[in-house]
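Before any comments, here is the structure.
Dropping the structure here:
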């Protein structure tokens, strides 16, 4: 198993998300590739997450995992944003930094793929649509906060 994928799997902060995404680590053919090698113009959500909103985030953080796209902190394996379906985007948010009161209103909504509620992922997660004017800034702030965390 790839060393980074092992970190992703073993990081307890990813447990709920990996279950939500239904990642089957027993599958010997599990797709895990860096976006540089797996980029596809047909993957609207991946292009938006990685090339538009995550343009300032290093390529070393951008991966396709199974049928999803994830942003990962390489030294810990923590996933801090993901795309699933055709165009459903979610991120961990530093609510305090942006002067926002953290509440479930950021974890409930409606995506193109009919995802309505991600409260099961925990209080750090939010629909990216809630930041429609500041997706890139919010996403980059999350990266900046987490990039120096230790395993």
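Numbering (my numbering), first residue to last: 1 to 151.
Idealized CB from N, CA, C, for every residue including glycine.
Contact under 8 Å by Cβ, residue i with residue j
i           : j          : result
residue 139 : residue 91 : yes
residue 69  : residue 46 : yes
residue 2   : residue 42 : no
residue 24  : residue 30 : yes
residue 73  : residue 5  : no
Residue i, enclosing alpha helix (DSSP H) - first and last residue
i          : result
residue 20 : 15-20
residue 35 : 35-38
Opening and closing residue of the beta strand (DSSP E) in which residue i lies
i          : result
residue 64 : 62-65
residue 78 : 78-84
residue 71 : 68-73
Cβ shell of residue i (< 7 Å), same chain only, five flanking positions each side left out
i           : result
residue 62  : 34, 35, 50, 54, 71
residue 102 : 95, 123
Whole-angstrom C-beta distance between residue j and residue i, which should lie under 8 Å
i           : j          : result
residue 120 : residue 20 : 6 Å
residue 143 : residue 59 : Contact doesn't hold; Cβ gap of about 12 Å is too wide.
residue 126 : residue 87 : At roughly 16 Å, the Cβ-Cβ gap does not stay under 8 Å, so residue 126 and residue 87 are not in contact.
Chain-order list of residues whose beta-carbon lies under 6 Å from that of residue i (same chain, five-residue window excluded)
i           : result
residue 117 : 108
Cα-Cα separation between residue i and residue j, rounded to whole angstroms
i           : j          : result
residue 52  : residue 64 : 16 Å
residue 112 : residue 79 : 22 Å
residue 81  : residue 27 : 23 Å
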